[in-house]
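One structure is given below, encoded as structure tokens.
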Amino acid sequence: MSEGACIERTVICDKCQASVEYSCLPSASNDALRSDYAPSAVEVTRARAFIKEGKEMLKLYDRELERIRGVQEKLETDRASLQQRIEEHTAMISPLRRIPAEVMQRIFSLVCLPEGEEEMLALALRIQSEIRAPAYQISLTSSHWRNIVLNYPLLWRSFSLDLLMPWKTGMDPKAIVAIYLKNAGTSPLKIVITDSGKNHWDGNIDYKATFDTGMAVFRMLLAHADQFGELIFLDVSGSILLKRITGTPNINFPLLHTFYAGVDMEDVPFESTLWFWRAIGAAPRLKHLQGPLVVPEVDTMPYNQLTSLDDLYDDDHPRLLRVIPKCRNLERLSFRWSPPSDENVAPIPCELKCLRELSIRSTTPEFCRGVLNNFHAPNLTSMSLSALFQMPHEISQSFLSTLRRFSDTLRDFTLNIVNIYPNDTSMTDILAALPNLSYFSALLSGGGDEQEKASPCISHLLASLTIPSDPSPGQVVAPKLTKLFLHENNTSVDSDVIDRLLTMLESRSQSTLASSEMGSRVATLHEVEFTYWKPRTGWERSLPDLVTPGDYERIRALEADGTTCTLEERWEFDGVGI
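Here UniProt numbering is used: the first residue of the sequence shown is 1, the next is one more, and so on.
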């Protein structure tokens with residue numbers, strides 16, 4: 001060992017105490033390095049020996065570091081591999097993985113079709129202001145989820161296309177449509193076509209470019225017309241059906257069962273679109289027609305095979321009445337009937353033996369009466385009438401006489417007259433005219449401060465429905481009623497009305513009827529809902545002021561006895577409840 005040197009030792013293994021040792025000279029002082037000090041011959045010899053030995057030790061350190069780095073890299077690699085395997089097996093035993101595929105499919109359907117499959121606009125792929133493709137996004141999450149969604153055609157078979165395509169979507173719409181068509185397999189397709197730019201065409205180049213892209217996607221879909229189960233046009237121009245634009249005149253609709261005919265044929269050459277209308281008319285399974293009547297020039301609808309007409313309307317009211325009798329197999333009919341007061345429309349006798357559900361939207365109940373008097377529907381069980389304009393306060397005797405024609409079979413009746421102020425006895429008179437009703441729903445206007453007393457029509461109805469302790473024969477109104485829904489707009493309801501409601505319910509509850517002789521003659525009223533809108537005069541709710549703690553006790557007792565009572569208060573603001 002050189003004079004003045006010391007032993008430096010580096011332990012490289014704490015377990016076996018393996019180490020690296022070398023003799024090391026003290027560090028040269030800063031003063032010596034900065035001065036012109038010249039080392040002696042002995043110091044030079046000693047330094048050279050240290051330098052030589054030190055370089056050999058550096059090589060030893062380098063080799064050891066390289067070995068340690070290799071060990072570290074191996075440890076890191078092995079750790080990463082172990083971590084991955086832990087994650088894989090953790091995922092393998094995850095509770096989520098043990099959820100049955102059928103349950104996962106249901107969950108995915110709630111994500112992809114939150115409105116429910118039966119809704120008109122419940123659609124798996126939406127190409128509108130943006131592209132919404134939830135099933136496709138789910139398929140990118142994992143192979144397990146991908147296998148689930150790929151084996152569930154429901155998530156791929158419905159399409160909504162706005163012909164005014166978004167110009168920059170981030171996705172290729174044709175590519176995404178191709179993916180959905182492939183994954184839908186042979187399932188019936190639901191197609192909804194809209195055009196948000198239909199009324200804004202001004203020769204704009206950007207509009208034309210996006211419209212051309214939208215039409216390219218429409219042609220892709222139309223090539224699968226043999227799979228269409230539902231085809232819905234929502235206010236689109238008939239020009240999209242021109243041969244020169246569509247280019248696919250040879251199609252058929254063997255599976256089509258529902259068609260919504262919202263096609264504007266104004267200024268469209270009829271002849272060049274007949275290929276489409278004839279294909280619709282030849283659809284062997286078409287049962288449900290919705291929306292406006294098709295213009296006569298292209299009307300090839302197979303009315304004789306239809307089972308439902310929904311939301312039917314036409315400005316030509318006589319034509320509307322001529323079309324309905326053609327549908328002899330109708331089970332459901334819903335139409336708008338609002339001819340101008342100066343238009344002389346003679347109702348046509350109409351026999352619809354299969355009809356079970358009827359809904360009419362008109363201006364007044366009297367307009368509805370004029371049509372109903374000419375309907376012969378011996379199996380009608382459900383009727384809904386909506387009157388949109390104001391009229392006198394009373395329901396006429398002639399209207400009640402018309403309702404009596406359907407009293408034997410009618411079980412459900414809905415009356416929407418929120419713009420009419422009915423008199424005290426109006427609703428009671430209707431129930432008396434329809435004694436076999438099990439469901440009654442009335443949407444009324446309360447008149448607010450214009451009435452001298454609180455909710456006179458509602459009050460009279462509740463009093464009439466209340467069964468006295470010793471009723472005389474024929475005194476019970478609506479003996480088969482099990483569900484009652486009342487809504488009053490601009491109401492002046494007070495606590496007395498709430499008390500009348502609960503008293504009526506108690507008289508028709510299961511326990512009360514069972515303890516009297518009325519149990520065999522009157523049905524238990526199982527469900528009642530009373531909602532009302534009040535004029536917005538402040539932010540304070542008045543329901544707590546109307547319903548006392550004792551009232552809540554009565555409501556809970558009714559629920560325990562099998563009768564559900566719902567009270568709901570809303571503010572009215574610009575005609576909308578909030």
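We treat Cβ as the ideally placed atom computed from N, Cα and C, and that holds for glycine.
In DSSP terms, what residue i is bridged to
i    : result
R361 : R336 and S386
A261 : F233
Q290 : Y260 and D310
R278 : Per DSSP, none; premise fails for R278.
E366 : According to DSSP, E366 bridges with nothing at all.
Span of the alpha helix (DSSP H) around residue i
i    : result
K182 : P173 to A184
V493 : Here V493 belongs to no alpha helix (DSSP H), and DSSP marks it neither H nor E.
K55  : A41 to M92
S441 : Here S441 belongs to no alpha helix (DSSP H); instead the beta strand (DSSP E) covers Y439 to S445.
L150 : S143 to L150
L140 : That residue, L140, is in no alpha helix (DSSP H); it is neither H nor E in DSSP.
I251 : Per DSSP, I251 belongs to no alpha helix (DSSP H) and is neither H nor E.
First and last residue of the uninterrupted beta strand (DSSP E) at residue i
i    : result
D310 : S308 to Y313
I232 : F228 to S237
N416 : D412 to I417
I193 : L189 to T194
S160 : S158 to D162
I395 : Unbroken run through I395: none, as it is neither H nor E.
I324 : Looking at the DSSP string, I324 is not in any beta strand (DSSP E), and its letter there is neither H nor E.
L125 : L125 to I127
Local Cβ density within 10 Å of residue i, reported as buried at 16 or more and exposed below that
i           : result
P422        : buried
T90         : exposed
residue 581 : This structure cannot speak to residue 581, because the chain is shown only from 1 to 578.
N489        : buried
C13         : exposed
V11         : exposed
A184        : buried
R85         : exposed
D449        : For D449, the predicted model reports a pLDDT of 49, less than 50, meaning its position is unreliable and no value from the coordinates is stated.
S109        : buried
R324        : Inspection of the sequence shows that residue 324 is occupied by Ile rather than by Arg. Its Cβ being crowded by 16 or more others within 10 Å, I324 is buried.
V476        : buried
C16         : exposed
G203        : Confidence at G203 is low in this model, with a pLDDT of 49, below 50, so the placement of that residue should be treated as unreliable; the coordinate-derived value is given next. Its Cβ having fewer than 16 others within 10 Å, G203 is exposed.
Test item: CB-CB of residue i and residue j under 8 Å
i    : j    : result
G262 : L234 : yes
L443 : I417 : yes
S272 : L309 : no
Q227 : P188 : yes
A523 : L558 : no
S139 : L150 : yes
L222 : T186 : no
T402 : L358 : no
K190 : L123 : yes
I148 : M92  : no
F218 : I193 : yes
Y532 : T503 : no
C112 : A135 : yes
R319 : L293 : yes
P365 : F399 : yes
F440 : L484 : yes
D162 : G229 : no
C457 : D494 : no
L410 : T381 : yes
L513 : A478 : no
L385 : I360 : yes
Rounded Cβ spacing between residue i and residue j (contact assumed at less than 8 Å)
i    : j    : result
Q305 : L286 : 7 Å
R356 : N374 : Not really, about 18 Å apart at Cβ, beyond 8 Å.
G238 : D212 : Contact flag wrong, Cβ pair sits at about 18 Å.
L505 : T563 : 6 Å
Q510 : D551 : So it is not a contact: roughly 20 Å between Cβ atoms.
Test: residue i CB closer than 8 Å to a CB of chain D
i   : result
I68 : The structure shown contains no chain D, having only a single protein chain.
Any non-hydrogen atom of the ligand ATP closer than 7 Å to residue i Cβ
i    : result
L321 : Of the ligands one can find in the structure shown there are none, so the ligand ATP has no counterpart to examine.
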